[in-house]
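Written out below as structure tokens is the structure these notes cover.
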Amino acid sequence: MSVLIKNGRIITASDDYQADIFIDKDKISIIGENLSIPADKIIDASGKYVIPGGIDPHTHLDMPFMGTVSSDDFVTGTRAAAIGGTTTIIDFAIQTIGHSALEGLEIWHAKAEGKTAIDYGFHMILTDTEGDKISELKTLINEGVTSYKLFMAYPGALYMDDGNIYRTMRKAGEHGAIVCMHAENGIVIDEIVRNAVADGKTEPKWHALTRPDRMEAEAVHRTIAIGDVAEVPVYIVHLTSAAALEQVAMARNDGQAVFAETCPQYLFLDHSYYEKENFEGAKYVMSPPLREKWNQAELWNGLGTGNLQVVSTDHCTFRFNDQKQMGKDLFTQIPNGAPGIENRMSLIYQGGVLDGHISLNKFVEVTSTAAAKIFGLYPRKGTIAVGSDADVVIFNPNRKETISVDNPITHNMNVDYNAYEGFEVNGVSETVLSRGKIVVEDNKYVGNEGDGQFLKRGLFSD
Ligand code: DUC
Ligand code: ZN
Ligand code: ZN
Numbered sequence: 201m202s203v204l205i206k207n208g209r210i211i212t213a214s215d216d217y218q219a220d221i222f223i224d225k226d227k228i229s230i231i232g233e234n235l236s237i238p239a240d241k242i243i244d245a246s247g248k249y250v251i252p253g254g255i256d257p258h259t260h261l262d263m264p265f266m267g268t269v270s271s272d273d274f275v276t277g278t279r280a281a282a283i284g285g286t287t288t289i290i291d292f293a294i295q296t297i298g299h300s301a302l303e304g305l306e307i308w309h310a311k312a313e314g315k316t317a318i319d320y321g322f323h324m325i326l327t328d329t330e331g332d333k334i335s336e337l338k339t340l341i342n343e344g345v346t347s348y349k350l351f352m353a354y355p356g357a358l359y360m361d362d363g364n365i366y367r368t369m370r371k372a373g374e375h376g377a378i379v380c381m382h383a384e385n386g387i388v389i390d391e392i393v394r395n396a397v398a399d400g401k402t403e404p405k406w407h408a409l410t411r412p413d414r415m416e417a418e419a420v421h422r423t424i425a426i427g428d429v430a431e432v433p434v435y436i437v438h439l440t441s442a443a444a445l446e447q448v449a450m451a452r453n454d455g456q457a458v459f460a461e462t463c464p465q466y467l468f469l470d471h472s473y474y475e476k477e478n479f480e481g482a483k484y485v486m487s488p489p490l491r492e493k494w495n496q497a498e499l500w501n502g503l504g505t506g507n508l509q510v511v512s513t514d515h516c517t518f519r520f521n522d523q524k525q526m527g528k529d530l531f532t533q534i535p536n537g538a539p540g541i542e543n544r545m546s547l548i549y550q551g552g553v554l555d556g557h558i559s560l561n562k563f564v565e566v567t568s569t570a571a572a573k574i575f576g577l578y579p580r581k582g583t584i585a586v587g588s589d590a591d592v593v594i595f596n597p598n599r600k601e602t603i604s605v606d607n608p609i610t611h612n613m614n615v616d617y618n619a620y621e622g623f624e625v626n627g628v629s630e631t632v633l634s635r636g637k638i639v640v641e642d643n644k645y646v647g648n649e650g651d652g653q654f655l656k657r658g659l660f661s662d
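Per this note's numbering: the sequence shown = residues 201 to 662.
See the structure below:
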């Protein structure tokens, strides 16, 4: 199959120019002006942007968590991602405590293989690296799993203490890998939660009120300090607050290899959502929680200045009508997570570019290129260049949509609410190619289960 994309405006993290693209099988083969090459399919991209497919390096599909399983699996989640203009995800495989990480990886391969609409990689959530288990890091790297997520939150579940964090970081650093951190002080938070519950505070808003931003900033600081001593690059996932961002900015100023992502929910939603009536605040129960609105300007500024490099989603869906209801009587039982995989590109274009916070090039950088570079996928993914995978999005900047669970152009996720219900976006991914195959055409999914392939990723140090 060959595809010729004509008359588009090509935007990468560094360039902005008018040209045609010839795709031969799965790669970008020629980029030039006025190409007239016979092709199986010709797409007219006049008046549209031609951008690298989005990369969402933080998703939780088909994940067992808090007594249930996230409702989007690798079929529905990656299909929705494709419709929204994302052509690569990096999901999180989990090591169960007491078990081998390789066993966990095998389980996640079985969940995803032959199911996905787009390419995918895995980070590994490590919960236990004691004794011989630490040597599994080398095997994971050989398997193309070159980044690890550790948790300072969720004691008794995913939590790892500082000693284990240091040992794991040290080994990852020796191998040239990168460590991602869920940075919230779970020990202190659990104490605050116990006090709140004892005082009869049960509604969803107490989820947020028991997880102060100071406990995020403290954990970010600790991650950076331990990472420095362990000599490993660190990546703070789902950073939410100005206080936490300040810690990242200071470390980057000092020249330390520290990176961070934020997510649309922290850029667009805020603490007031927890006040919604009829238990609707539960839709926004996620960790870390939504913050006071004033933090949003600081996060946009962080993306603009480069102290934040990536916008991911932490897509982790639980239906409102049954799964979120598990916490009807007590906020600690509400499964943590919210949807976003399908709406990220349009939201960041609207809130970032059109509302004047970031340039078009920066939009491409934070939604695609930076994640490819940090997580060992560049230049195969994350740019439009000869030899790169033909993961290409034709993005219409003049198309207006209202995000809604009832709008099939904005909601194909397997969850019964949209966190951005009623938000207007001017700018939509219309046609999406994944390794040269058209998987979305005029906003309709036209691909097949299993089009996506597992990506063995390179090392950060490379
Ligand atoms: N936070 C969430 O809200 N859900 C999944 C895991 C996490 O860290
Ligand atoms: Zn997390
Ligand atoms: Zn997460």
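Every residue gets a Cβ at the ideal spot worked out from N, C-alpha and C, and that includes glycine.
Since we're looking at a predicted model, the values are computed, not measured.
is_contact[residue i, chain C] using C-beta, thresh 9 Å
| i | result |
| --- | --- |
| residue 621 | The structure shown contains no chain C, having only a single protein chain. |
Identity of the residue in the options nearest residue i by Cα
| i | options | result |
| --- | --- | --- |
| residue 616 | 549, 517, 341 | 517 |
| residue 524 | 267, 248, 294, 452 | 267 |
| residue 572 | 597, 512, 609, 239 | 512 |
| residue 625 | 637, 612, 599 | 599 |
| residue 425 | 370, 464, 409, 397 | 370 |
| residue 330 | 660, 211, 298 | 298 |
| residue 300 | 309, 289, 334 | 334 |
| residue 480 | 285, 309, 404, 237 | 404 |
| residue 264 | 242, 307, 282 | 307 |
| residue 238 | 255, 246, 220, 245 | 220 |
| residue 222 | 653, 655, 635 | 635 |
| residue 314 | 652, 660, 657 | 652 |
| residue 502 | 482, 401, 460, 203 | 460 |
| residue 212 | 202, 230, 244, 254 | 254 |
| residue 508 | 565, 378, 236 | 565 |
| residue 326 | 303, 210, 471, 256 | 303 |
| residue 648 | 478, 317, 233, 305 | 317 |
| residue 411 | 400, 393, 522 | 393 |
| residue 495 | 428, 443, 540, 228 | 443 |
| residue 632 | 341, 646, 539, 576 | 646 |
| residue 399 | 224, 482, 530, 467 | 530 |
| residue 207 | 216, 236, 214, 245 | 245 |
| residue 447 | 476, 498, 471 | 498 |
| residue 229 | 344, 218, 201, 214 | 201 |
| residue 467 | 552, 413, 354, 570 | 552 |
| residue 535 | 542, 527, 541 | 527 |
| residue 153 | 604, 655, 601, 470 | Residue 153 cannot be examined here, being either before or after the span of the chain that is shown, 201 to 662. |
| residue 275 | 261, 373, 482 | 261 |
| residue 549 | 284, 532, 415 | 284 |
For residue i: DSSP bridge partner residues
| i | result |
| --- | --- |
| residue 241 | 203 |
| residue 380 | 349, 435 |
| residue 218 | 209 |
| residue 601 | 625 |
| residue 589 | 227 |
| residue 461 | 510 |
| residue 595 | 249, 629 |
| residue 611 | None; residue 611 has no bridge partner. |
| residue 538 | 515 |
| residue 232 | 220 |
| residue 359 | 351 |
Cβ contact check for the region 379-391 and the region 431-450: 3 or more pairs under 8 Å: Counting Cβ pairs under 8 Å, three or more are found: they touch.
Sufficient close CB pairs (3 or more, under 8 Å) joining the region 320-337 to the region 289-306: Yes, since at least three Cβ pairs between the region 320-337 and the region 289-306 fall closer than 8 Å, the two stretches touch.
Cβ pair count under 8 Å reaching 3, the region 270-280 against the region 581-599: The region 270-280 is not in contact with the region 581-599.
Segments assigned beta strand (DSSP E), at least 3 residues, entirely inside the region 616-660: Here the runs fully enclosed are 624-634, 637-641.
Check your reading: residues with Cβ closer than 6 Å to ligand 2 heavy atoms: One residue after another in chain order, those with a Cβ under 6 Å from a heavy atom of ligand 2 are 382, 437, 438.
In chain order, each alpha helix (DSSP H) run of at least 4 residues that lies wholly inside the region 255-329: Fully enclosed alpha helix (DSSP H) runs of no fewer than 4 residues occupy 274-283, 301-312 of the region 255-329, in order along the chain.
Three CB pairs or more closer than 8 Å across the region 630-644 and the region 555-564: Per the Cβ contact rule, the region 630-644 is not in contact with the region 555-564 (fewer than 3 Cβ pairs under 8 Å).
Meets three-Cβ-pair contact criterion under 8 Å: the region 250-261 and the region 591-610: Yes: at least three Cβ pairs fall under 8 Å.
Given 8 Å, three or more beta-carbon pairs between the region 478-490 and the region 449-461: As far as the Cβ criterion goes, the region 478-490 does not touch the region 449-461, which means the pair count is below three.
Stretch-stretch touch, CB-based, cutoff 8 Å, three pairs: the region 604-615 with the region 279-286: Yes, the region 604-615 is in contact with the region 279-286.
Segments assigned alpha helix (DSSP H), at least 4 residues, entirely inside the region 542-574: Correct list: 544-548, 560-564, 570-574.
Segment contact, 8 Å Cβ cut-off, at least three pairs: the region 491-509 with the region 545-558: They touch, by the three-pair rule.
Contiguous alpha helix (DSSP H) assignments of at least 4 residues, all confined to the region 386-454: As far as the region 386-454 is concerned, its whole alpha helix (DSSP H) runs of at least 4 residues are 386-398, 405-409, 413-430, 442-453.
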